[in-house]
Amino acid sequence: MNKSKFIDSRFHGIMDIAYGLVKASLLFWEYLIRNFVVFGAAKSFCTLLETVNELFEGSGKPVRELFRENSTKYSYKKLSLVAFLLIIYVYAFIILPFPKTFNNYYASIIKFGCLYLLLLGVLFFSYISWILVTKNVTVKQAVMYGFYLMVKRFFRSILLIIIMVAITYVADINFLFFLFFAPGIFAMCVRFILRKI
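Numbering (the working numbering), first residue to last: 75 to 271.
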């Protein structure tokens, strides 16, 4: 009897976390659009990270209320703009075709290099955001500390890259997964992998 109650409580706990992650993902998209994507990327992602962190620590507050409270702490418009422009610039090299006169072998190498740079850019942005959420530092300090940790914690960085590739692969197959789960799952992974840095 006690075993079934334990399994029941664990199941309900997992369902609560899953529901919280879905709600946090949807709020992430809402706040990202509300802050005009270009200027709201850092604010929305930092808010998502802190909300997911509090969700796992068992704050007991509704996710919408947590999101509203946490969003007032962040307004990194310059960081968002720079990150957005760099990611779009690198992504353009991946999706846009090279001229037909360009050697296919070299084009493939350049596209692979740009894909790697894109992954590193998102990884770097994740480190910076986590540091801004958990440490009391300026953006400049977070950038320097994030770069240092990204190199020093090489295994964690590789793990996050693998998670990014896996989430992108699943999101490419199922758009609803991307919409409802991807941001929350990625924020959860960032929390668990980077919480002891």
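Where is the CB? At the ideal position from N, CA and C, for every residue including glycine.
As the structure is a computational prediction, the values presented were derived from the model and not from experiment.
Within a 10 Å sphere around the beta-carbon of residue 85 sit fewer than 16 other beta-carbons, which makes this residue exposed.
Taking residue 145 as reference, the option from 215, 177, 123, 164 with the minimal CA-CA separation is 123.
With contacts defined as CB atoms closer than 8 Å, residue 141 and residue 105 qualify as a contacting pair. Shown here, residue 175 sits in coil according to DSSP, grouped into three states, outside any helix or strand. Nearest to residue 205 by C-alpha distance, out of 232, 170, 222, is 222.
With respect to the C-alpha of residue 184, the residue from 171, 135, 270 having the closest C-alpha is 171. Residue 257 and residue 182 have their C-alpha atoms some 29 Å from each other. The segment 195–203 and the segment 131–141 do not touch, with fewer than three beta-carbon pairs separated by less than 8 Å.
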